[in-house]
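Worksheet for the structure shown next.
Chains as they are written, first to last, in our numbering: chain A, 248 to 767; chain B, 248 to 767; chain C, 248 to 767.
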């Protein structure tokens with residue numbers, strides 16, 4: 248379906264986003280920078296890239312949600328797994344076989360965590376990476392073809408190849424530079440997020456972070472300084488910070504709870520400091536535990552702390568503004584802050600983005616029969632509309648032909664401005680009383696109104712869709728006709744609002760404005 | 248209630264099914280064969296049988312779902328636990344006390360996993376066995392009366408007793424036979440599923456498997472060969488396969504994802520091969536982990552792999568046919584394949600098995616009051632029907648007597664052909680406004696229409712049921728009268744479709760055909 | 248808002264309840280006794296108190312549910328964590344820093360378990376304590392400022408200070424008393440629940456237990472005797488009981504399943520004995536497992552056993568009375584038994600506590616628009632009421648002013664007798680079509696009708712509330728007016744019944760009696 252250029256562009260987008268998603272960003276320049284940094288150890292970088300390409304390719308082949316793939320959601324954990332394995336083992340055909348298998352496993356584990364945690368409205372972060380790399384590492388000890396890598400051997404030659412002698416000299420100079428330990432460790436901890444334990448890598452990442460978001464940078468420093476202070480105070484093992492670079496857990500947690508999942512504020516910074524001892528305890532505790540089997544904790548403290556914190560915040564009945572959760576994710580602490588504040592203002596006395604009903608005139612919410620069957624569980628915030636006459640009937644005559652139904656072939660309109668995200672237009676309309684279980688939703692249009700607001704119109708008449716994928720539609724514009732395709736025994740219009748472009752996405756709880764509801 | 252013959256027949260059915268369920272089958276001959284094989288080590292076999300009888304008996308005494316017990320769902324994990332313990336420890340009164348306690352624990356753990364995993368529509372497989380045997384094994388190290396068993400000592404004498412010298416000679420000959428290692432290991436791995444590490448046991452099981460399903464047999468060979476190849480290629484520890492017989496994890500996974508939970512196809516065989524490295528990694532990784540405490544991994548890799556795979560497949564928005572999940576389980580890869588294909592055809596342009604509403608004339612879906620209270624969560628695909636007059640009232644006069652209600656004592660009909668599965672007929676009808684919380688559903692008929700389609704009619708009038716348990720009813724046949732028993736403040740008919748015969752089963756999302764819905 | 252006296256009283260209540268909740272009680276005298284016992288080791292007692300005050304204070308500051316805090320639900324796990332840490336480490340500023348951080352972590356973990364387990368209607372018991380103390384203990388091994396405590400050093404001097412030489416002599420005499428080992432161990436196991444491994448502590452707790460509930464005392468003896476017998480029989484390590492005092496797991500489990508979560512009966516006592524071997528296996532099994540990392544099992548066996556048991560009991564389709572779960576918790580086995588029996592009688596032919604609709608005259612359940620949006624998931628047992636005219640319209644004129652709506656400013660009445668639990672009265676009414684997302688529920692009254700039955704009336708008119716917090720209201724009494732505050736685009740009355748006083752509590756499935764429902 249996609250021409251080669253389109254395919255390449257999708258591969259590019261999904262790849263760059265997989266890098267940048269590690270830092271909660273969608274900034275492509277930051278992603279490219281991170282990719283370059285990951286290649287400082289060329290074999291590790293290559294393993295990371297191969298792993299993420301495998302995961303994204305498999306996700307595509309499996310038929311997973313395309314937007315999630317493009318956003319890097321299914322790639323970043325595989326990227327990290329690949330980087331970690333690439334650094335640990337020498338390359339070779341057996342290694343790449345294992346790498347590809349681990350990428351598949353990481354994808355499976357990602358889906359499992361997505362399913363588990365989305366029920367609690369929590370993100371899966373890098374938990375899939377942790378499970379996958381631990382199992383792969385343990386397993387590799389039993390595989391005689393896996394030879395421990397000599398990390399760093401390839402680094403200098405790679406840098407030389409790519410940057411020439413000058414860059415090598417810069418790189419080496421950074422290794423010797425006599426900056427304060429605190430600062431050196433901060434940068435190295437940043438680099439450690441991409442398995443690059445060198446000052447230069449951290450410096451580049453810090454620059455990218457600053458470029459991507461000054462709030463995120465400030466949070467990273469705050470989190471790290473708070474950790475440093477606590478380690479000194481409590482007499483913890485400074486080597487964890489100095490040589491284990493485990494401080495990146497404090498950095499990532501600070502960004503996550505200080506500005507990404509919560510709106511940045513004095514309160515969010517306060518919490519960054521308050522949770523520092525807990526992150527340290529998780530780190531030290533699990534280091535003891537995993538030490539038995541010689542596994543590193545990696546980003547486990549970050550994962551546990553962020554999940555505990557975000558979940559706890561949901562239990563607040565008061566003080567929900569201290570700090571306030573991010574309602575619509577803009578992948579930037581700054582945007583989350585500014586837009587969050589504005590919408591806060593707006594929401595206080597106004598309503599949502601106005602969404603109207605997707606038709607003209609008076610339709611009836613049909614809940615007498617089908618509603619009982621299909622608008623359940625995850626699809627409960629949905630409506631089925633039909634047109635009824637004064638007697639409450641949906642059709643004239645016998646109702647044996649679809650054209651007997653009042654709503655059949657009536658115009659369907661865009662409920663709000665937006666971009667046409669997806670179109671299905673080739674499914675036959677069923678005769679009344681029959682349903683097509685192979686293609687539940689039938690002919691369908693999905694419209695993207697904002698980052699997290701999509702509308703879906705389903706069971707449309709075959710061949711009736713008047714718009715194209717990617718085109719912009721205006722509220723009220725006629726875009727299709729009501730039909731009887733898919734799991735629809737009688738002509739009706741299915742309308743729902745959802746937060747993702749999934750065809751099978753759960754529906755969103757959203758008020759439709761500008762209509763009058765008549766109830767009889 | 249049951250006459251002795253009926254009881255014996257239930258014990259027999261639940262017992263044989265517990266054996267055969269280990270191989271995803273319901274074939275009684277296969278079950279009997281597996282039972283015989285399990286008795287090659289007579290004490291292990293006896294412990295297995297005692298453990299499963301205990302679990303099934305306790306399940307019965309606790310009042311758990313009878314059909315689940317008869318299907319072996321609550322017995323097969325206890326069977327495996329018993330076999331494992333019987334092989335590990337010498338018999339004795341203290342051993343049998345521990346065995347019975349472990350069987351109870353296994354049952355409790357089974358229920359916990361059933362509850363947890365059914366929320367994700369996933370099977371619990373042999374996870375309960377794993378948890379139970381690991382804890383019992385660890386605990387037994389602290390119990391001085393538990394003496395490690397000398398596995399195999401009793402085997403020959405048992406075989407002699409049962410089969411005479413000829414069978415002993417056959418058995419011994421099999422031990423010495425100089426077949427290729429691959430073939431010997433395949434058979435021994437099959438035997439290991441029932442804790443019988445002998446060629447002869449595996450050969451019998453293979454014969455039973457071939458008899459039960461040629462697809463399952465082919466899958467078992469495919470899965471094992473794929474594992475063998477991967478072990479050679481990656482340089483894994485062949486002893487895991489050769490002497491640990493851990494290869495049965497590949498065999499069971501192949502059957503599960505290749506033909507039991509998915510419809511057998513080229514795609515399903517491809518996946519059997521694709522997941523081989525992941526099974527091996529899980530095996531090697533957890534062997535390292537559990538090795539710390541000297542516990543075997545048993546069937547953990549099979550369990551994790553199947554769950555990860557099945558769950559991941561649910562996230563597909565496209566390619567749902569590659570491979571296609573089994574919608575209605577027939578406990579045979581062949582039936583799943585043939586019936587799945589046919590119903591696929593049928594569903595494409597036809598509707599479901601026709602189910603009609605369980606009454607004559609015009610009734611009203613009563614959602615004004617009670618619907619709010621009880622048709623929630625797991626019971627949401629249910630209807631409450633009443634008869635209303637033109638003013639919308641449900642009764643004439645004061646409504647103080649049940650006979651004031653229009654629907655009271657009106658005939659209730661079978662919604663489709665089927666067998667009467669269960670009857671409750673002795674609960675008093677409540678006066679209007681009162682409810683009986685001790686017997687929520689009141690007088691009830693459950694009808695089985697197909698393997699996974701049951702209908703339930705509740706709150707029936709005391710003594711009104713006109714059919715007997717086990718009898719066959721025809722669609723439209725009058726089977727009872729509408730009443731006011733159970734949690735019913737006012738006479739009404741509760742009607743729902745469900746996938747199990749549980750009285751408290753969750754409802755099914757199923758279109759009721761052949762009716763016209765008037766909505767006012 | 249609270250005057251100092253009110254604040255002090257809240258601190259006192261939440262503190263005492265945190266002690267007593269460990270024994271499933273709400274008896275303040277028992278709580279005070281337990282607090283005194285905890286101070287036998289003065290530093291441990293102080294650490295426990297500080298930890299629970301921290302947790303309760305943070306819970307208050309975070310805006311968590313006030314009633315849960317007052318009931319001690321958020322404090323008792325932190326109390327136990329503090330006691331355990333106070334006994335393990337010497338006091339000092341770094342220790343108190345760690346203690347406060349652990350209290351915060353315990354609170355976060357408590358919320359996580361509350362969220363996870365409440366979906367299965369299971370209690371979180373002392374699981375948060377376990378996770379928190381294990382991680383803190385492991386972490387402290389890496390903190391050089393944490394110096395292992397010399398438990399017992401401070402005990403005698405404390406007792407001397409508090410009780411004088413006589414009490415010291417009594418205390419020492421108890422240490423030497425030559426009672427049978429069984430009895431001494433029973434008392435010491437009781438003491439171990441509060442980390443006090445001394446006969447005297449156990450004796451005091453036993454006295455308190457007897458005073459609080461004779462059934463609980465009898466259960467504690469039954470559970471302990473059953474464990475003692477099983478240990479002897481199976482040849483288990485008696486030191487676990489004699490010196491590890493792990494027997495308290497049997498004591499707590501016996502109280503929990505014998506009379507607290509289940510109604511005490513011959514059946515419940517039978518189960519106390521039946522599960523004894525399983526508790527022992529869990530204890531021995533996890534002692535092996537946790538022994539690797541030198542962590543005690545603490546109350547893990549109690550937690551696992553109670554959860555497994557309670558969850559398994561839910562799967563019963565028959566025999567639900569053997570034993571019967573406690574429907575309304577009275578925090579006393581005696582009350583659970585007597586009230587449970589009576590309500591059992593009552594419920595068999597009567598209905599619930601009568602709750603009527605919260606208004607006069609005929610209102611309409613408005614489910615045409617808003618119902619679709621907000622009464623979903625956890626808020627599904629809720630109603631929105633409006634007044635409609637004969638044409639089904641909710642307003643006269645244009646509907647542009649709130650006063651156009653028929654229901655606006657109409658009186659709202661108390662649905663049943665009860666105490667006003669909470670009031671919000673200062674939120675502006677929205678103009679029609681606009682909503683206030685910052686304050687979803689708008690002006691609200693919550694009334695407590697019984698321990699587990701609350702009603703909530705929301706979106707009330709600003710300034711219309713006629714009752715005060717804490718006052719008693721009678722069914723039918725006018726308490727406010729219908730309004731349009733909060734997430735309400737058009738004036739309506741939101742009414743729901745719930746089991747907790749949370750503003751955002753899930754709704755309860757409860758029949759409203761004494762009303763006629765007209766359906767058109």
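The C-beta atom is built at its ideal place from N, Cα and C for all residues, glycine as well.
Inset, instruction - Indicate whether at least one CB of chain A lies closer than 8 angstroms to the CB of residue 360 of chain C. - result: no
Inset, instruction - Give a yes or no on whether the minimum CB-CB distance between residue 558 of chain A and chain C is below 8 angstroms. - result: yes
Inset, instruction - Have a look at residue 428 of chain A and residue 500 of chain A and give me their C-alpha separation to the nearest angstrom. - result: 22 angstroms
Legend entry - Contact set between the stretch 471 to 484 of chain A and chain C, restricted to residues whose Cβ is under 8 angstroms from the partner: 480, 481, 482, 483, 484
Legend entry - Residues that residue 367 of chain C contacts on chain B, provided the C-beta gap is smaller than 7 angstroms: 362
Inset, instruction - From the DSSP output, read off the bridge partner residues of residue 669 of chain B. - result: B/693
Inset, instruction - Quick one: using the 10 Å Cβ neighbour count with 16 as the cut-off for buried, is residue 490 of chain C buried or exposed? - result: exposed
Legend entry - Boundaries (first-last residue) of the beta strand (DSSP E) holding residue 701 of chain C: 700 to 707
Inset, instruction - Using only alpha-carbon positions, find the residue among A/504, A/529, A/508 that is nearest to residue 828 of chain A. - result: An answer regarding residue 828 of chain A cannot be provided, because it is not within the stretch 248 to 767 covered by chain A.
Inset, instruction - Say whether chain B places a C-beta atom closer than 8 angstroms to the C-beta of residue 539 of chain C. - result: yes
Inset, instruction - Tell me whether residue 357 of chain B sits in a helix, a strand or coil according to DSSP, three-state version. - result: helix
Legend entry - Selected residue, minimal CA-CA separation from residue 734 of chain B, among B/693, B/680, B/447: B/680
Inset, instruction - For residue 439 of chain B, collect the residues of the same chain with a Cβ closer than 7 angstroms to its Cβ; drop the 5 residues on either side in sequence, then sort them by chain order. - result: 492, 495
Legend entry - Closer than 8 angstroms to chain B by CB, residue 534 of chain A: no
Inset, instruction - Select from B/280, B/651, B/296, B/723 the residue whose C-alpha is nearest the C-alpha of residue 454 of chain B. - result: B/280
Inset, instruction - Report yes or no: is there a C-beta of chain A within less than 8 angstroms of the C-beta of residue 690 of chain C? - result: no
Inset, instruction - Let me know if residue 423 of chain C comes out buried or exposed under the rule of 16 or more other beta-carbons within 10 Å of its beta-carbon. - result: exposed
Inset, instruction - Determine contact between the stretch 384 to 394 of chain A and the stretch 533 to 543 of chain B, defined as no fewer than three beta-carbon pairs at a distance below 8 angstroms. - result: yes
Legend entry - Rounded straight-line distance, which links the Cα of residue 435 of chain A to that of residue 487 of chain C: 48 angstroms
Legend entry - Whole-Å CB distance - residue 667 of chain A paired with residue 717 of chain A, under 8 angstroms assumed: 6 angstroms
Inset, instruction - May I ask you to report which of helix, strand or coil DSSP gives residue 721 of chain B? - result: coil
Inset, instruction - With 8 angstroms as the threshold, decide whether the Cβ of residue 312 of chain A is near any Cβ in chain B. - result: yes
Legend entry - Inter-residue Cα distance where the pair is residue 522 of chain A and residue 347 of chain C: 11 angstroms
Legend entry - Beta-carbon gap between residue 344 of chain C and residue 481 of chain A smaller than 8 angstroms: yes
Inset, instruction - To the nearest angstrom, report how far apart residue 257 of chain C and residue 711 of chain B are at their CA atoms. - result: 58 angstroms
Legend entry - Boundaries (first-last residue) of the alpha helix (DSSP H) holding residue 445 of chain C: No alpha helix (DSSP H) holds residue 445 of chain C; DSSP gives it neither H nor E.
Inset, instruction - Return yes when at least one heavy atom of the ligand ZN lies under 7 angstroms from the C-beta of residue 521 of chain B, else no. - result: Because no ligand of any kind appears in the structure shown, any question about the ligand ZN cannot be addressed here.
Inset, instruction - Report the three-state DSSP secondary structure of residue 520 of chain B (helix, strand or coil). - result: helix
Legend entry - Unbroken beta strand (DSSP E) run spanning residue 744 of chain B, endpoints: 740 to 745
Legend entry - Proximity test, Cβ basis, 8 angstroms: residue 259 of chain C and chain A: no
Legend entry - Residues that DSSP places opposite residue 729 of chain C in a beta bridge: C/707
Legend entry - Boundaries of the alpha helix (DSSP H) in which residue 328 of chain C is found, first to last residue: 323 to 335
Legend entry - Span of the beta strand (DSSP E), counted from its first residue to its last, around residue 659 of chain B: 658 to 660
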